[in-house]
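Asker:
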Amino acid sequence: MSVDETAPLRVLVVDGDARVRADVIALLESSDELSVVADTATGSAALALAERLRPDIVLVDAAAARHSTSLARTARVFVLAAPGDGAAASAVRDGACGHLVPGAFTPQDLIRGVRDASRVSLGLSAREAEVMDLIATGRSNGEIARQLFLSEKTIKNHVNRIYAKLGVSSRATAIAMWRGMMSVMPAKD
2 MSVDETAPLR VLVVDGDARV RADVIALLES SDELSVVADT ATGSAALALA ERLRPDIVLV
62 DAAAARHSTS LARTARVFVL AAPGDGAAAS AVRDGACGHL VPGAFTPQDL IRGVRDASRV
122 SLGLSAREAE VMDLIATGRS NGEIARQLFL SEKTIKNHVN RIYAKLGVSS RATAIAMWRG
182 MMSVMPAKD
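Heads up: take any position in the sequence shown, counting from 1, add 1, and you land on the numbering used here.
(1) What number of angstroms, rounded off, separates the C-alpha of SER152 from the C-alpha of ILE112?
(2) Quick one: Cα of TYR164 to Cα of ALA173, how far?
(3) Given this structure, state the Cα-to-Cα distance separating VAL15 from LYS154, to the nearest angstrom.
(4) I'd like to know whether the C-beta atoms of VAL78 and ALA97 end up nearer to each other than 7 Å.
(5) Going by C-alpha to C-alpha distance, which of ASN161, ALA23, VAL61 sits closest to VAL132?
(6) When burial is assigned at 16 or more other CB atoms within 10 Å of the CB, is VAL80 buried or exposed?
(7) With 16 other CB atoms within 10 Å as the buried threshold, where does PRO84 fall?
(8) Does the beta-carbon of ARG22 have 16 or more other beta-carbons within 10 angstroms, so that it is buried, or is it exposed?
(9) What does a CB cutoff of less than 8 Å around ASP24 pick up in its chain, not counting 5 residues either side in sequence?
(10) So, is THR138 buried or exposed, given that buried needs 16 or more other C-beta atoms within 10 angstroms?
(11) Kindly indicate which three-state DSSP category ASP5 falls into: helix, strand or coil?
(12) Within its chain, find whatever has a CB closer than 6 Å to the CB of ARG11; leave out the 5 residues flanking it on each side and keep chain order.
(13) Residues in the same chain with beta-carbon distance under 7 Å from LYS157, minus the five sequence neighbours each way, listed in chain order, please.
See below:
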């Protein structure tokens with residue numbers, strides 16, 4: 002798996018409606034930060050694809066949302082469903098990272114959702130998450146300090162706390178975890 006910060010996040014799209022699936026794929030492919038690696042109509046097919054392809058993100062429709070627990074073991078799962086859909090709320094309780102409304106979200110909304118899920122699961126403060134966002138864009142400590150109007154020493158302290166919380170020793174590994182490219186959950190026996 003590449004930890005190159007310029008590598009796009011890999012997405013698997015699962016939706017029983019071929020037209021909706023095509024619209025979601027077209028939307029995601031319009032972003033340089035996302036790449037659709039596969040799509041399917043059913044949750045059972047998604048399980049096999051996710052196991053084989055190891056996408057960073059899986060977008061599932063309400064019908065496939067019941068597979069969220071299994072899919073969440075290998076990727077960040079987001080449910081595509083209408084507002085108030087009970088399947089979305091249930092899937093979030095079962096491990097999905099969030100809920101998106103088809104036709105009403107942008108690639109940036111999805112990327113923001115991945116980052117928010119990473120922040121929560123990794124235990125970073127709001128400021129640490131802000132610093133990590135800037136690290137993930139390839140900025141140096143000095144550039145981050147200037148952008149946030151902080152001293153470089155303060156940024157170094159934030160970076161050290163981020164590394165300690167993530168249990169990493171390099172920017173590349175921290176970026177991979179932040180972007181959801183590496184599992185932050187303990188391996189299942």
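Ideal placement from N, C-alpha and C gives every residue a C-beta, glycine not left out.
Answerer: In short:
(1) Whole-angstrom Cα-Cα distance: 28 Å.
(2) So the two alpha carbons sit approximately 11 Å from each other.
(3) Pairing VAL15 with LYS154, the inter-Cα distance amounts to about 45 Å.
(4) The answer is yes: Cβ separation under 7 Å.
(5) Looking at the Cα atoms, ASN161 is the closest of the given residues.
(6) Sixteen is the threshold: when 16 or more other Cβ atoms of the shown chains lie within 10 Å of the Cβ of VAL80, as they do, the residue is buried.
(7) Under a 10 Å Cβ-count criterion, PRO84 is classified as exposed, with fewer than 16 other Cβ atoms of the shown protein chains found around its own Cβ.
(8) Looking at its Cβ environment, which holds 16 or more other Cβ atoms inside 10 Å, ARG22 is buried.
(9) These residues qualify, in order along the chain: PRO103, GLY104.
(10) The residue in question, THR138, is exposed, as its Cβ has fewer than 16 Cβ neighbours within 10 Å.
(11) No answer about ASP5 holds up, because its pLDDT of 43 lies below 50 and its placement is not dependable.
(12) Within the same chain, ARG11 has close Cβ partners SER36, VAL38, PRO56, ASP57.
(13) Excluding residues within five positions, the ones whose Cβ falls inside 7 Å are ASN142.
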